[in-house]
Structure formats: structure tokens, C-alpha cells
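Notes follow the structure.
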Amino acid sequence: MLFTQISKDEYIKVYEATAKNVDFIHTNHSLDTEIRSMFPSSQHSFYKADTGNDLVYLIYRVNKYIGTHILMDADKNNSLTEGQLFNVFDSLAAAHPQLNTKVEFVVKGPDYLNNVFIKWRKHRFDIKVSSQLVLNLYYKNEEQIEELKKMTLHLPKEYVWCDQLNKDDGDEMNKKWEHARKGDNNHTILKIEHLPFGCIKHNQQLASFVLSKPTGSLSNHYTEPSHRGNKLGILVENKICQEIIKLNRIPYKLVENSKTTYLQYIDANNAWSRWNYNDGGAVIYLVTYYDHLLV
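Position one of the sequence shown corresponds to residue 1 (full-length UniProt numbering), numbered consecutively onward.
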């Protein structure tokens with residue numbers, strides 16, 4: 001196996017090699033964020049592991065206000081063995097010895113990578129997971145992207161698009177986010193300052209909004225209860241997706257498996273495509289938390 005850090009001179013080459021492939025969407029969007037210097041409060045280190053038959057991309061992202069994030073990508077039809085992935089993660093730990101200690105991390109990736117990472121970290125360092133989210137990934141395919149490009153978004157009367165948000169807006173948005181954690185308030189304010197978002201206001205107050213992350217995924221999607229039933233959530237989601245498409249990116253979002261009613265709604269609708277295996281089964285996506293600094 002050949003494990004290398006991707007140099008800045010290679011960023012564009014790897015970005016182009018991973019474009020339009022959902023299996024490598026985190027690598028592609030994170031590289032784009034770094035190339036554009038879009039989110040200066042997060043510093044990315046990119047790695048590639050070549051086993052001969054498969055490529056694994058890893059992103060080590062140090063954030064200013066929240067814990068370090070590790071993201072992993074590989075082809076969903078890979079032939080990777082547990083031993084090969086243990087070697088990949090050993091190489092990552094050699095580059096970042098913090099992995100050997102009980103410090104705060106968030107690890108994101110499909111279950112065929114993340115489950116092995118969990119086993120590796122427990123086996124090597126006796127460090128267990130604190131908590132985990134199990135999700136499905138939904139993205140816009142080429143046809144859905146073209147539909148969005150042609151779409152004109154009309155708001156109900158008394159509602160307006162908001163293109164400028166301030167710190168108070170960011171504070172309020174973070175309060176509404178069910179997954180808000182230590183440091184996320186400052187991180188959210190930076191997201192509205194540097195990254196695409198969609199926001200609808202009513203009488204100068206937040207009515208519906210959705211933000212995005214340095215990895216490009218949608219986040220913080222929320223509509224005030226008093227404004228629900230007006231399709232604001234769909235409108236604001238379409239708005240941010242149009243902004244993401246302007247960056248030549250594939251819009252995508254992660255939805256918890258426990259939200260069965262919402263999943264059924266998405267699957268019955270033709271607005272999003274689920275990330276699936278070739279047989280039609282969903283690829284399971286995991287967000288794993290190691291919160292040892294917080295307990």
C-alpha cells in the first residue's frame with residue numbers, strides 16, 4: 001500500500017479526478033473549499049491510500065471552534081480488506097498522533113470505512129465511540145440539477161429572501177439546531193459568513209433557513225413552527241442548492257435513519273436521489289463522535 005499526503009500542487013488534479021462522483025463527494029467538495037480559500041477557520045490535510053486495486057481518500061480537518069473532523073471516501077464497490085484499512089488508519093495515526101489519545105474527534109464516512117475505523121481505534125488504543133448517527137445520503141443527479149437551474153423560486157406574500165445575515169441570526173440558527181455541540185455557535189456564524197446558505201424572513205425575523213458545511217453538505221435546516229405549511233422548507237432548500245450548483249458542486253444532504261416519515265417523503269419525491277449500491281440498497285453513512293474532552 002502507498003500512503004501519501006496530497007500536496008497543494010496536486011489539489012486541482014485530485015479535485016478533477018473526483019468530480020461528479022458521489023463516492024468521493026467529501027474529498028471533492030473539501031478540496032474545492034480549500035482551493036477557493038472559502039473557510040479559513042478550518043485547515044484541511046488530504047491523504048490518499050493506494051492499495052493497488054482501490055483508492056481511499058482521507059481528510060483531516062482541524063477546526064478553530066469545534067473538534068477535529070476526519071472524513072473518508074472510497075468507491076462503494078471496493079474490495080478493501082480489514083487488514084488493508086488497518087494499515088491505512090495506522091498511516092493516518094502516524095501522521096497525526098492525536099488519534100492515539102483520548103481527545104475529541106468526529107469521524108464521518110460510509111459504514112464500509114467507518115465501521116472498520118471504529119474497530120481499529122478500539123483494537124489499537126482501546127478508545128471507544130461516545131455516540132453515533134446513522135444516516136442516508138441524498139444528492140442531486142444531473143437531471144435534478146438541470147431542473148433546479150431552470151427553476152424560478154416564488155415566495156408567498158409577506159416573505160422575503162435574506163442574502164445578508166448577522167451574528168444575531170447565526171446565534172438564533174444555532175439554537176434551533178438539534179445537533180448543536182460545544183463550539184458550534186461560533187462555527188455557525190462563520191458558516192453564514194463564508195459558505196452558501198438559504199434564508200427566508202418574515203417581518204425581519206427568521207422564518208426558514210438552511211446552511212452548508214465546508215464539506216458541501218446541507219446543514220441546520222429549520223422552519224419556524226408558526227411558518228410551517230407554506231412550503232418554505234422546500235423553497236429555502238432549493239435556494240441553497242442553486243447556490244451550490246453555481247460552484248459546480250453536487251448538492252447533497254445527510255438524513256438520519258430514524259426519521260422514517262421524512263425518508264419516505266424524500267423517496268416518494270423525485271427531487272433527490274439516494275446514494276445506493278448497484279442493487280438499489282442504501283449506502284449507510286455514519287457520523288461517529290469521540291467526546292472524551294466533554295465528559
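Note that CB positions come from ideal geometry on N, CA and C, so glycine has one too.
Can you find the residues in the same chain that come closer than 6 Å, C-beta to C-beta, to residue i, ignoring five residues on each side of it along the sequence?
i	result
G216	H29 and R249
F39	T33, H194 and P214
W51	Sequence check: residue 51 is Thr here, not Trp. Cβ within range, chain order: M1 and Q84.
E224	A207
V210	G198, L218, H221, V236, E237 and I240
Q164	none
How should residue i be labelled, buried or exposed, when 16 other C-beta atoms within 10 angstroms of its C-beta is the threshold for buried?
i	result
R228	exposed
S208	buried
T18	buried
A268	exposed
L293	Its pLDDT being 49, under 50, L293 is placed unreliably by the model, and nothing is read from it.
residue 296	This structure gives no information on residue 296, because the portion of the chain shown stretches from 1 to 295.
G109	buried
L104	As written in the sequence, residue 104 is Glu, which differs from the Leu given in the question. Classification of E104: buried, given that the 10 Å Cβ count is 16 or more.
K48	buried
Less than 8 Å between C-beta atoms, sequence neighbours within five positions excluded: which residues of the same chain meet that for residue i?
i	result
L263	N136, V255 and N257
residue 346	The structure shown has nothing for residue 346, since the chain only spans 1 to 295.
V295	Caution is warranted here: a pLDDT of 37 is assigned to V295, below 50, making its placement in the model unreliable, and the coordinate value is therefore given only provisionally. S130.
Quick check: what's the CA-CA separation for residue i versus residue j?
i	j	result
residue 306	V134	Residue 306 is absent from the structure shown; the chain starts at 1 and stops at 295.
L31	D23	15 Å
I266	H179	21 Å
residue 328	I118	Beyond the ends of the chain as shown, which are 1 and 295, falls residue 328; an answer cannot be given.
S96	D90	The amino acid occupying residue 96 in the given sequence is His; Ser does not appear at that position. Spanning the two alpha carbons is a distance of roughly 10 Å.
Q144	W272	7 Å
N230	W275	29 Å
M173	N220	7 Å
residue 301	Y159	No answer is possible for residue 301: it lies beyond the span of the chain, which begins at 1 and ends at 295.
D169	Q204	10 Å
M72	Y285	11 Å
I35	Y11	7 Å
I127	D291	11 Å
Going along the chain, which residues of its own chain have a beta-carbon closer than 7 Å to the beta-carbon of residue i, five neighbours each way excluded?
i	result
S45	Q5 and Y60
K167	I189
G67	E104, F105 and V106
So, helix, strand or coil for residue i, using DSSP?
i	result
Y252	strand
V22	helix
Q264	helix
residue 296	The question about residue 296 has no answer, for the chain in this structure spans 1 to 295.
C241	helix
So residue i and residue j are supposed to be a Cβ contact under 8 Å. How far apart are they, rounded?
i	j	result
V129	V88	Between V88 and V129 the Cβ distance is about 19 Å, and since that is not below 8 Å, they are no contact.
C199	C241	In fact, because the Cβ distance is near 14 Å, the residues do not count as touching under 8 Å.
L80	I70	The Cβ separation is near 17 Å, so there is no contact.
Y138	K253	5 Å
T288	N114	6 Å
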